[in-house]
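Protein chains in written order, with the working numbering: chain A, 16 to 195; chain B, 16 to 195. One structure is given below, encoded as structure tokens.
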DNA sequence: GTCTATAATACGATAGAC
DNA sequence: GTCTATCGTATTATAGAC
């Protein structure tokens, strides 16, 4: 018996994948547990409720985004950073068209299960907008705030349409336009 | 005993309102039935399954959109028509920021309950994009198709952000920008 | 067509042995 | 820490009287 196990992490990873593709409400704990190779009852050793697991999923997603912008931070100019960010969106065009699930869209789905989840989901979106606004500000734009919100909104919208049209190229063409 | 009753329609209207505000998965049939003043069991006389009711809700929403563009059609120029459409979005900024529920966002929530629902939800989005593309085409734009998709994507994205930020003015400012 | 039960099921959560 | 079994409850859906 190992003193430490990676089950907690496996649950988060599997939860993230299932929730991304099916949505929170339609993803059951049994589902996540099975995908993780963890017994249903055992999952409750790691998370007191389903909502707690969701919170962990959101935190993991936010951490990932922070890592992404940290990596992007190496690019010299704010403009290059924004473009690198858009490139990273294009890179995931296939899963986007298939699942159509920007992390933020989850925020609309929840409310009841865990009071903090909605805030946590929105946090991801707002964090992105803040980061984008910073880049625009560094570019000397006076309307940086609105521009940041606009950029993230546009990406969310494109993801949405690409999913509705089931066409990954929509991501590429539209985000390509955004870069200009 | 009336030969015809408006219960079917009442169920659709109530369903639409509840689903708009709470989402499909968290809206129960008992909930809709009560709001309609229809007994739970009786609802099944009108709709064989919950998914069937959802389909009817989507059809109603699509019909509404067709009416809206028919009314807008009176405006002389395609440009004026597009602007009238954006105005209609701004007009509903409060419910948008509160519920954050563009009809299209439902498409991500469903799949299981009724196979056709997802297609039906996407249909609403695609219809909008087609209409917008037509206007751009009438304006002589060669990239009309992409522009139409872009416009609808932008609106969806803005609605999204406005909801995340719980700020109706985001709708007004961002859609105002789109008009330019 | 409409109603009041109630069946059937799905799912979150817990109990308790190991 | 992990497992199997099960409880409690919410919700879709049906049965059957009127």
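Ideal Cβ positions, reconstructed from N, Cα and C, are used throughout, including at glycine. Computed from a predicted model, the values in this text were never measured in an experiment.
- For residue 154 of chain B, not one C-beta of chain A is nearer than 7 Å to its own C-beta.
- In terms of beta-carbon proximity, residue 54 of chain B stays away from the interface with chain A, with every pair separated by 7 Å or more.
- Across the set B:77, B:178, B:63 and B:51, the C-alpha of B:77 shows the shortest separation from the C-alpha of residue 142 of chain B.
- Taking residue 54 of chain A as the centre and dropping the five residues before and after it, the same chain places the C-beta of 48 closer than 8 Å to its C-beta, in chain order.
- For residue 191 of chain B, not one C-beta of chain A is nearer than 7 Å to its own C-beta.
- Taking a contact to require three or more Cβ pairs closer than 8 Å, the region 133-147 of chain B and the region 175-182 of chain A qualify as touching.
- Relative to residue 106 of chain A, the option among A:20, A:154, A:190 and A:21 whose CA is nearest is A:190.
- Assignment of residue 151 of chain A by DSSP, reduced to helix, strand and coil, places it in the helix class.
- According to the DSSP assignment, residue 77 of chain B belongs to the alpha helix (DSSP H) that extends over 65-87.
- Three or more Cβ pairs drawn from the region 66-74 of chain A and the region 24-44 of chain A lie within less than 8 Å of each other, which places the two stretches in contact.
- Distance from the CA atom of residue 51 of chain B to the CA atom of residue 111 of chain B, rounded to whole angstroms, is 23 Å.
- Close to chain A, meaning a Cβ-Cβ distance shorter than 8 Å, are the following residues of the region 139-173 of chain B: 140, 141, 144, 161, 164, 165, 167, 168, 169, 170, 171, 172 and 173.
- Under the three-pair Cβ rule at 8 Å, the region 152-163 of chain B does not count as touching the region 161-170 of chain A.
- The Cβ neighbour count for residue 108 of chain A, taken over all protein chains shown within 10 Å, is at least 16; the residue is labelled buried.
- If you check the CB distance, residue 171 of chain A and residue 100 of chain B do not come in under 7 Å.
- Residues of the region 40-53 of chain A with a C-beta atom less than 7 Å from some C-beta of chain B are 40 and 41, listed in chain order.
- Residue-level contact check: residue 100 of chain B does not touch chain A, since none of the beta carbons of chain A fall below 7 Å from its beta carbon.
- The alpha helix (DSSP H) runs of length 4 or more contained entirely in the region 131-179 of chain A do not exist; there are none.
- C-alpha of residue 56 of chain A to C-alpha of residue 19 of chain B: approximately 52 Å in a straight line.
- Measuring C-alpha to C-alpha distances from residue 81 of chain A to each of A:187, A:194, A:36 and A:147 identifies A:147 as the nearest.
- For residue 175 of chain A, a Cβ of chain B is located within less than 7 Å of the residue's own Cβ.
- Per DSSP, the unbroken alpha helix (DSSP H) holding residue 22 of chain B starts and ends at 22-37.
- For residue 114 of chain B, same chain residues with a beta-carbon under 6 Å away, outside a window of 5 residues either side, are 35 and 36 in chain order.
- Annotated three-state conformation of residue 92 of chain B is coil, per DSSP.
- Scanning its chain for C-beta atoms nearer than 6 Å, with the 5 sequence neighbours on each side dropped, one finds around residue 98 of chain A the residues 194, in chain order.
- Judged by their CB atoms, residue 168 of chain A and residue 173 of chain B are nearer to each other than the 7 Å cut-off.
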